[in-house]
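> Have a look at this one.
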Amino acid sequence: MLDDATLRKKVFWRLLGSPGTVFPFMLGMTAMTASWALDWMPGIGIFTGLAGVLVAAGTFCTRLFLSGDKVARQVLQEADQSSQQARQQALDALDRQLTTSDNDPRPETALRDLRALVKAFDDNALTASRTNIGQSIEIQSRVGLLFDQCVESLQQTERLWQVSRQLHTPAARQPILNQREKLIEDVQGTIKQISDTLVALQRLGAGKHSNAELSRLRDELDQSLAVAKAVEERVNTLVNETALISELPPRQQQT
0 MLDDATLRKK VFWRLLGSPG TVFPFMLGMT AMTASWALDW MPGIGIFTGL
50 AGVLVAAGTF CTRLFLSGDK VARQVLQEAD QSSQQARQQA LDALDRQLTT
100 SDNDPRPETA LRDLRALVKA FDDNALTASR TNIGQSIEIQ SRVGLLFDQC
150 VESLQQTERL WQVSRQLHTP AARQPILNQR EKLIEDVQGT IKQISDTLVA
200 LQRLGAGKHS NAELSRLRDE LDQSLAVAKA VEERVNTLVN ETALISELPP
250 RQQQT
């Protein structure tokens, strides 16, 4: 997401580089330079140059005041599209990494299910009624955060697998594999919760019952987020500790 300073800078250069600004400026400067170089009617050349600068400045200011918001929206949309494209490419790379790292198809299958569910939430947001739009947006935001947590967990499953391969004894390896299994099960449980949330949103109508149901869904997602963050911290600690153990000789790994 662009900050305000970057957005203003991009809008400024977008307007400054538009044909309506560049063309009269270049025409005026060319006429003034040619008049000076050829020593031909320098007064007209200077007048033409100043006129070109004034027309360019006027066009810039007019577009800034009348179309500045529109250009800003275009810049934000382009930045969002670029960010989404980079994000999808990173997820594609993770999919390939999960597919080739081992013979367990569950992590990459979970990633594909998550991506499909997030897309379904986006499609549902476009077609949903305006009723309870505020809470619906909050739920969609929490689903996005859960998606990020699940992606991090899936990345951790691959790291745990690689760490387990570096360990020489079953006693050192098995806790890592157990934690990996727990992560996969947690992600699968989150996928079911997100799927149930999507179904519940699609069934909702208007009224007090809908408000209560949306609040319940939001609270459940908040609880899942808190659990996911705690698991992420615990796994990060485990990976760091195990990385040190993997560097020890096999005899010391058993202790």
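In this text, residue positions in the sequence shown follow numbering that gives the first Met the number 0: the first is 0, and each later residue adds one.
Heads up, the beta-carbon is just placed ideally off N, CA and C, and yes, glycines get one too.
Is the stretch 81 to 94 in contact with the stretch 46 to 57, if contact means three or more CB pairs nearer than 8 Å?
The stretch 81 to 94 is not in contact with the stretch 46 to 57.
> When burial is assigned at 16 or more other CB atoms within 10 Å of the CB, is PHE284 buried or exposed?
This structure leaves residue 284 out entirely; the chain is present only between 0 and 254.
> Below 8 Å, how does it come out for the stretch 158 to 174 and the stretch 110 to 122: are there three or more Cβ pairs, yes or no?
No, the stretch 158 to 174 is not in contact with the stretch 110 to 122.
> Less than 8 Å separating the beta-carbons of LEU220 and VAL142?
Against a cut-off of 8 Å, the Cβ pair of VAL142 and LEU220 comes out as a contact.
> Which whole-angstrom value describes the C-beta separation of ASP185 and SER152, a residue pair presumed to lie in contact below a C-beta threshold of 8 Å?
Contact holds; Cβ gap of about 7 Å.
> For PRO174, name the three-state secondary structure that DSSP assigns.
Looking at PRO174 - three-state DSSP - the assignment turns out to be helix.
> How would you call ALA229, buried or exposed, if buried means at least 16 neighbouring beta carbons within 10 angstroms?
Classification of ALA229: exposed, given that the 10 Å Cβ count is below 16.
> Please classify THR32: is it buried, with 16 or more other beta-carbons within 10 angstroms of its beta-carbon, or exposed?
Exposed is the call here.
> Cα separation between PRO174 and GLN161?
One C-alpha to the other measures close to 13 Å.
> Please report the distance separating the alpha-carbon of LEU224 from that of THR189.
For LEU224 and THR189, the distance between alpha carbons rounds to 10 Å.
> Just the C-alpha distance for VAL273 and GLY27, rounded to the nearest angstrom, thanks.
Nothing in the structure corresponds to residue 273, since the chain is present only between 0 and 254.
> Decide if CYS149 is buried, meaning its Cβ has at least 16 other Cβ atoms within 10 Å, or exposed.
It is buried - the Cβ of CYS149 has at least 16 other Cβ atoms within 10 Å.
> Would you kindly check if the distance between the Cβ of LEU200 and the Cβ of ILE138 is under 8 Å?
Taking 8 Å as the Cβ cut-off, ILE138 and LEU200 qualify as a contacting pair.
> For ASN102, which of helix, strand or coil comes out of DSSP?
In the structure shown, ASN102 sits in coil (DSSP, three-state: anything other than H, G, I, E or B).
> Between THR5 and VAL21, what straight-line distance do the alpha-carbon atoms span, to the nearest angstrom?
One C-alpha to the other measures close to 22 Å.
> On a Cα-Cα basis, can you pick out the residue from ASN123, ARG105, ALA56 and LEU216 that is closest to MET25?
Answer by Cα proximity: ALA56.
> What is the DSSP secondary structure of THR168, counted as helix, strand or coil?
Looking at THR168 - three-state DSSP - the assignment turns out to be coil, as it is neither helix nor strand.
> Considering Cα atoms alone, identify which of PRO23, LEU90 and ARG86 is closest to GLN154.
For GLN154, the nearest C-alpha among the options comes from LEU90.
> By Cβ distance, which residues of its chain are closer than 8 Å to GLY206, with the 5 residues on each side in sequence left out?
Because the pLDDT at GLY206 is just 48, under 50, the model does not fix this residue reliably, and the value given afterwards should be weighed accordingly. Excluding sequence neighbours, GLY206 sits near nothing in its chain.
> How many angstroms separate the CA atom of LEU144 from the CA atom of ILE193?
Using only the alpha carbons, I get a separation of about 11 Å.
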